[in-house]
Amino acid sequence: MLKIVPLSGTLCDGSSVRGSKGTEDCRNYSITVFALLFGILPSFGFGQTYGSATNRITVKVQAITVLQISAGIINLSITGSNAIAGQDQMMTTDQTSTLAWGTNSSTKKITVNTSLATPKFTLQLVALNPTVGTAASQVTLSTTAADLLTNIGRSSGTCGLLYTAIALASQGTGTDAHTITFTVATQ
Amino acid sequence: MKRILKNITLDIVIVIALHGAFLPQHAYSQQATSTQVVTLRVMELNKIDLVGGPLTLQVNSINDDAGEPNPAIDASTKLLWTSNGDARKIAVGTDIASPRFILKIEAEKSGSGTGVAEPEVTLSDNSPHDLILGVQRSAGSCKLKFTAMASVEEGVGSESHLITYTITGG
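Chains A and B, in that order, are what the protein sequence lines are.
Sequential numbering from 78 applies to the first sequence in the working numbering.
Sequential numbering from 415 applies to the second sequence in the working numbering.
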């Protein structure tokens, strides 16, 4: 037996058993059915167009570059344990930090430079085991930017950072404070 | 109405939360540079070492003219040092307070580095004696010439010295 139920009215009568929210549920149901009628049925049943609208969506992807260092501060010390009797040169190394990057631009490289214009001692840096790109040969840090990694275009990757500090006995004692800047630059 | 207000409030909370979560990353992602502070400290260091094993000096011949035993000489040991300090010297000493036989040492300065060799030192007691002066911010080396002497009156016997070399201020 087919029972034709009004779109609103009969079902809404059930509001009496739904407690205080019945009226609101009933209203929501009515809106839903109304939407179905005018939103879906016309497209299948009636085939009539009463109006149209278009919406142009433009997606813009900006050049994004991410550069992150795992450790903000590195301390290197050359002590007696780094010296060999009879040799003028002493050195120590640190490879506790890593560099991570991401860029969606092609032909990019990472350069490095120090803020210290006249360091007393020598500080060198080389990228270790880059997941993407090509590590440049060991760089002696100066205020002029030097290539650390090349060919990193459109990628995200990581590498280790190996610092090598070199001092000569003839240079005596002292402290060099570097602020090392890593930059993603166009290759 | 209450429910609508509640939903709007929830939406605002979600928007604020999303903004708070992503905005810093978004802002950070625009950075093309990153910095790291690297501090290099070179402390004062003084290293000294010897090349050459234990030595045995044997006085076993007599000078027929003088009638005294000939000295035993060895110059096979090399002394090496590195110091980045200023005005240092190298001293030498034995652990025997009053040796029976005479043992002398001299630095034959032919190697590199700063420093001036003192004249031959007789290790007559266990106090330190200057061997090289004027060591300053350098690495250097020299040969060590040991001379052992004994008189006929001292007879035969054996002495074992433990020689200590020290870089000190000077």
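Backbone N, C-alpha and C fix where the C-beta goes; we use that ideal spot for every residue, glycine too.
By Cβ distance below 7 Å, which residues in the same chain neighbour residue i in space, the five residues on each side in sequence not counted?
{"i": "Thr263 of chain A", "result": "Thr184 and Lys185"}
{"i": "Asn159 of chain A", "result": "Met167, Met168 and Thr169"}
{"i": "Gly554 of chain B", "result": "Trp495, Gly525, Ser526, Gly527, Thr528 and Gly529"}
{"i": "Gly46 of chain A", "result": "Because chain A in this structure spans residues 78 to 264, residue 46 of chain A falls outside the shown range and cannot be described."}
{"i": "Gly584 of chain B", "result": "Ala501, Arg502, Lys503 and Leu547"}
Give the range of the beta strand (DSSP E) segment to which residue i is assigned.
{"i": "Thr491 of chain B", "result": "Ala486 to Ser497"}
{"i": "Leu203 of chain A", "result": "Note on identity: in this sequence residue 203 of chain A is Val, with Leu being the wrong assignment. That run of the beta strand (DSSP E) goes Thr199 to Leu205."}
{"i": "Lys137 of chain A", "result": "No beta strand (DSSP E) holds Lys137 of chain A; DSSP gives it neither H nor E."}
{"i": "Arg502 of chain B", "result": "Arg502 to Thr508"}
{"i": "Asp224 of chain A", "result": "Ala223 to Thr227"}
{"i": "Arg403 of chain B", "result": "Shown here, chain B extends from 415 to 584; a query on residue 403 of chain B therefore has no answer."}
{"i": "Val209 of chain A", "result": "Careful: Val209 of chain A lies outside any beta strand (DSSP E) and carries neither H nor E."}
{"i": "Leu459 of chain B", "result": "From DSSP, Leu459 of chain B is part of no beta strand (DSSP E); its letter is neither H nor E."}
{"i": "Gly230 of chain A", "result": "First-last for Gly230 of chain A: undefined, no H or E at that position."}
{"i": "Gly548 of chain B", "result": "His543 to Val549"}
{"i": "Gly584 of chain B", "result": "Unbroken run through Gly584 of chain B: none, as it is neither H nor E."}
Rounded to the nearest angstrom, what separates residue i and residue j at their Cα positions?
{"i": "Thr156 of chain A", "j": "Arg502 of chain B", "result": "17 Å"}
{"i": "Ala204 of chain A", "j": "Ala446 of chain B", "result": "18 Å"}
{"i": "Ser497 of chain B", "j": "Ser526 of chain B", "result": "13 Å"}
{"i": "Leu153 of chain A", "j": "Val189 of chain A", "result": "18 Å"}
{"i": "Asp463 of chain B", "j": "Glu534 of chain B", "result": "20 Å"}
{"i": "Ser448 of chain B", "j": "Gly230 of chain A", "result": "18 Å"}
{"i": "Asn132 of chain A", "j": "Val138 of chain A", "result": "19 Å"}
{"i": "Asp479 of chain B", "j": "Pro468 of chain B", "result": "32 Å"}
{"i": "Ser279 of chain A", "j": "Leu225 of chain A", "result": "No statement about residue 279 of chain A is possible, as the shown extent of chain A runs from 78 to 264 and does not include it."}
{"i": "Leu193 of chain A", "j": "His255 of chain A", "result": "6 Å"}
{"i": "Ala177 of chain A", "j": "Cys236 of chain A", "result": "7 Å"}
{"i": "Lys559 of chain B", "j": "Thr580 of chain B", "result": "17 Å"}
{"i": "Ile516 of chain B", "j": "Thr508 of chain B", "result": "12 Å"}
{"i": "Glu567 of chain B", "j": "Val506 of chain B", "result": "28 Å"}
{"i": "Lys492 of chain B", "j": "Ile504 of chain B", "result": "14 Å"}
{"i": "Gly499 of chain B", "j": "Leu459 of chain B", "result": "7 Å"}
{"i": "Leu437 of chain B", "j": "Thr250 of chain A", "result": "Low confidence applies here, because Leu437 of chain B scores a pLDDT of 34, under 50, leaving its location unreliable; read the following figure in that light. Rounded to whole angstroms, Leu437 of chain B to Thr250 of chain A spans 46 Å at the Cα level."}
{"i": "Gln201 of chain A", "j": "Ala223 of chain A", "result": "11 Å"}
{"i": "Asn181 of chain A", "j": "Val549 of chain B", "result": "58 Å"}
I need the DSSP call for residue i, collapsed to helix, strand or coil.
{"i": "Ile520 of chain B", "result": "Correcting the residue type first, residue 520 of chain B is Glu in the shown sequence and not Ile. Looking at Glu520 of chain B - three-state DSSP - the assignment turns out to be strand."}
{"i": "Gly157 of chain A", "result": "helix"}
{"i": "Gln472 of chain B", "result": "coil"}
{"i": "Glu568 of chain B", "result": "helix"}
{"i": "Gln145 of chain A", "result": "strand"}
{"i": "Thr247 of chain A", "result": "The sequence shown places Ser at residue 247 of chain A, not Thr. In the structure shown, Ser247 of chain A sits in a helix (DSSP, three-state: H, G or I)."}
{"i": "Asn152 of chain A", "result": "strand"}
Mind checking whether the beta-carbon of residue i lies closer than 7 Å to any heavy atom of the ligand GDP?
{"i": "Pro196 of chain A", "result": "With respect to small molecules bound, the structure shown includes none, and the ligand GDP cannot be examined in it."}
Skipping 5 residues on each side, what residues in its chain have a beta carbon closer than 8 Å to that of residue i?
{"i": "Ile151 of chain A", "result": "Asp171, Thr173, Ser174 and Tyr240"}
{"i": "Thr270 of chain A", "result": "Look at the range of chain A in this structure, 78 to 264, and you will see that residue 270 of chain A is not part of it."}
{"i": "Val473 of chain B", "result": "Pro483, Asn484, Pro485, Ala486, Phe515, Ala562, Met563 and Ala564"}
So, at 6 Å on beta carbons, what are the nonlocal neighbours of residue i in its own chain, with the 5 sequence-adjacent residues on each side left out?
{"i": "Asn228 of chain A", "result": "Gly210 and Thr211"}
{"i": "Thr258 of chain A", "result": "Asn190"}
{"i": "Ile487 of chain B", "result": "Thr561"}
{"i": "Ala244 of chain A", "result": "Ile155, Met167 and Phe198"}
{"i": "Gln145 of chain A", "result": "Ala177"}
{"i": "Ala246 of chain A", "result": "Asp165"}
Unbroken stretches of the beta strand (DSSP E), 3 residues or longer, contained in the segment 156-188 of chain A: 166-180
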